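Shown next, in structure tokens, is the structure this report addresses.
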Ligand SMILES: [Zn+2]
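Residue numbers (our numbering): 2 to 58.
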């Protein structure tokens with residue numbers, strides 16, 4: 002489960018499209034368009050295992 006850091010919407014990993022660019026792994030919130038960071042845990046069965054880093058408050 003991922004959670005947008007701006008609007009707080011939670012959604013399953015397959016509801017948002019993970020992407021990578023020069024700034025690193027991220028997904029765009031489908032609700033507000035906010036960029037949210039992701040971290041890779043390597044590959045499992047040929048698929049990247051992605052995790053949303055816990056935001057420090
Ligand atoms: Zn959002």
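Backbone N, C-alpha and C fix where the C-beta goes; we use that ideal spot for every residue, glycine too.
From a predicted model like this one, the values you see are computed outputs, not experimental measurements.
By the three-class DSSP mapping on this structure, what secondary structure does residue 17 have? coil
Beta-carbon spacing of residue 39, residue 52 below 8 Å: yes
To which residues of the same chain is residue 5 closer than 7 Å at the C-beta, ignoring the five residues directly before and after it? 30, 32, 33, 35, 37
Take the Cβ of residue 48 as the centre, count every other Cβ of all protein chains shown within 10 Å, and call the residue buried at 16 or more, exposed below. exposed
How many angstroms separate the CA atom of residue 10 from the CA atom of residue 55? 15 Å
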